[in-house]
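Residue numbers (this note's numbering): 1 to 371.
A virtual CB, placed ideally from N, CA and C, is assigned to each residue, including glycine.
These notes concern the structure reproduced below.
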């Protein structure tokens with residue numbers, strides 16, 4: 001009887017399949033290496049398809065439907081193929097070949113979107129695309145293309161995974177199916193060093209405390225991915241964020257601006273400024289205008305301020321009430337009786353609702369009223 005484990009091996013390890021067909025069994029320690037061997041190796045530095053955001057390897061790009069993921073990855077693809085700038089500001093450098101599997105689009109739509117993002121300029125020759133693949137053969141299709149361009153640090157963008165996700169095999173759980181598919185995508189990137197394979201995938205309908213848990217399906221896909229990116233934007237809003245975490249990349253959250261429903265740009269012009277802006281957005285989430293004013297005033301006075309000072313500066317008679325609420329929600333700190341200071345960077349990270357962990361769903365970006 002063929003088990004789910006056997007199916008996974010047959011899919012991910014062709015050599016193992018051939019050995020079984022020939023009645024042989026590959027040595028179980030064939031991949032064993034030693035510390036002195038490792039100590040003598042020199043490995044190339046990590047390559048980035050999009051510097052600071054999309055490294056080589058397998059990346060999951062997650063977000064709700066119709067939030068702008070397709071525009072985002074098309075922007076990436078065109079910038080890489082042309083050696084231009086991603087998100088309006090991130091320099092790519094050299095040109096690299098790109099394959100976009102735009103499986104929810106037509107030729108006309110791909111052309112129209114490219115021309116809009118390029119402002120009528122020519123579509124780069126290094127931009128390759130497909131709008132359909134043979135059923136069940138997307139892995140083989142991507143592998144064949146990577147074999148052709150693997151020496152040129154290529155990038156592949158699959159939009160979306162849901163269009164080609166196979167059903168679970170007999171005896172295979174949903175987690176095993178997700179991990180099998182994710183591992184196959186990761187294997188494609190690993191077998192072509194310097195290449196990046198990014199897959200668009202929908203998020204869960206339910207909210208998640210940790211943004212990694214927002215990945216739709218089981219933890220199998222997230223577990224197989226090298227990098228996870230989550231795109232957040234509320235409907236009708238022009239501001240959003242992109243959150244990144246992974247095995248080889250530093251965790252980060254960066255503010256983005258969406259113009260005309262299609263042009264994603266990095267807020268502030270570079271990743272550092274965009275990160276600061278994302279922190280500001282998070283700090284003011286669910287606050288009304290007056291609370292935002294008070295918070296901004298306190299943050300510009302590291303020496304500390306008293307409610308009386310805020311009352312005089314902002315013409316706000318009940319400043320003490322606002323400052324107490326900001327303190328209770330871990331947005332400012334008490335420096336002494338009746339004196340408040342901004343949180344230090346270290347203090348912000350230590351708060352339960354700050355940083356990249358719990359309390360980090362897209363919902364935390366909504367701006368509301370005090371009451």
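CA nearest to the CA of residue i, picked from the options
i	options	result
residue 193	37, 28, 340, 47	47
residue 183	162, 171, 222, 202	222
residue 55	259, 195, 240, 28	195
residue 58	290, 229, 242	229
residue 158	132, 308, 44	132
residue 186	261, 36, 139, 112	139
residue 60	199, 85, 296	199
Residue i versus residue j - alpha carbon distance
i	j	result
residue 62	residue 226	14 Å
residue 233	residue 251	19 Å
residue 255	residue 87	11 Å
residue 105	residue 326	47 Å
residue 201	residue 90	23 Å
residue 274	residue 239	11 Å
residue 52	residue 246	12 Å
residue 173	residue 118	44 Å
residue 290	residue 244	31 Å
residue 121	residue 321	55 Å
residue 101	residue 197	11 Å
residue 190	residue 170	28 Å
residue 109	residue 32	49 Å
residue 112	residue 262	12 Å
residue 166	residue 92	34 Å
residue 296	residue 328	16 Å
residue 312	residue 264	40 Å
residue 282	residue 237	15 Å
residue 175	residue 314	55 Å
residue 43	residue 257	37 Å
residue 161	residue 36	41 Å
residue 38	residue 30	16 Å
residue 347	residue 28	Its pLDDT being 37, under 50, residue 347 is placed unreliably in this model, and the value from its coordinates should be taken loosely. If I take the Cα positions, the gap works out to 49 Å.
residue 208	residue 224	Per-residue confidence for residue 208 stands at a pLDDT of 47, beneath the threshold of 50, marking its modelled position as unreliable; the derived number appears in the next sentence. Each residue's Cα considered, the two are about 19 Å apart.
residue 276	residue 75	23 Å
residue 135	residue 147	20 Å
residue 308	residue 235	39 Å
residue 164	residue 137	9 Å
residue 168	residue 107	31 Å
residue 103	residue 41	41 Å
residue 319	residue 284	17 Å
residue 34	residue 300	55 Å
Cβ-based neighbour list, residue i, same chain, cut-off 8 Å, excluding 5 preceding and 5 following
i	result
residue 96	49, 80, 81, 83, 126, 152, 153, 154, 155
residue 298	305, 310, 323, 326, 332, 340, 341, 342
residue 316	290, 293, 294, 310, 322
residue 259	238, 265
residue 85	79, 91, 92
Sequence-distant residues of its chain with Cβ nearer than 6 Å to residue i (five each side left out)
i	result
residue 280	none
residue 8	With a pLDDT of 48 at residue 8, under the threshold of 50, the predicted position of this residue should be treated as unreliable, though the coordinate-derived value follows. Here the set comprises 180.
residue 99	128, 145, 156
residue 253	241, 243, 278
residue 123	114
residue 130	101
Contacting residues, own chain, Cβ-Cβ under 7 Å from residue i (five flanking each side not counted)
i	result
residue 249	55, 227
residue 149	97
residue 143	188
residue 116	262
residue 72	231, 264
residue 94	83
residue 212	With a pLDDT of only 47 at residue 212, under 50, the local geometry of the prediction cannot be trusted, and the value read off the model is given with reservation. The residues are 222, 228, 245.
Residue range of the beta strand (DSSP E) that includes residue i
i	result
residue 198	196 to 202
residue 277	Run containing residue 277: none in the beta strand (DSSP E); it sits in the alpha helix (DSSP H), 271 to 283.
residue 130	127 to 130
residue 229	227 to 233
residue 342	339 to 342
residue 76	Looking at the DSSP string, residue 76 is not in any beta strand (DSSP E); the run it does join, the alpha helix (DSSP H), is 69 to 82.
Enclosing alpha helix (DSSP H) for residue i [first to last residue]
i	result
residue 390	The requested residue 390 is not part of the displayed model; the chain covers only 1 to 371.
residue 372	Since the first residue of the chain shown is 1 and the last is 371, residue 372 is not available in this structure.
residue 221	220 to 224
residue 333	Note, residue 333: premise wrong, no alpha helix (DSSP H); beta strand (DSSP E) at 332 to 336.
Interface flag, residue i vs chain D, CB-CB below 9 Å
i	result
residue 52	The structure shown contains no chain D, having only a single protein chain.
Does the structure place the region 62 to 71 close enough to the region 269 to 278 that three or more beta carbon pairs sit under 8 Å?
No, because fewer than three Cβ pairs between the region 269 to 278 and the region 62 to 71 fall closer than 8 Å, the two stretches do not touch.
Should the region 332 to 344 be regarded as contacting the region 299 to 310, the criterion being three or more beta carbon pairs within less than 8 Å?
A contact exists between the region 332 to 344 and the region 299 to 310.
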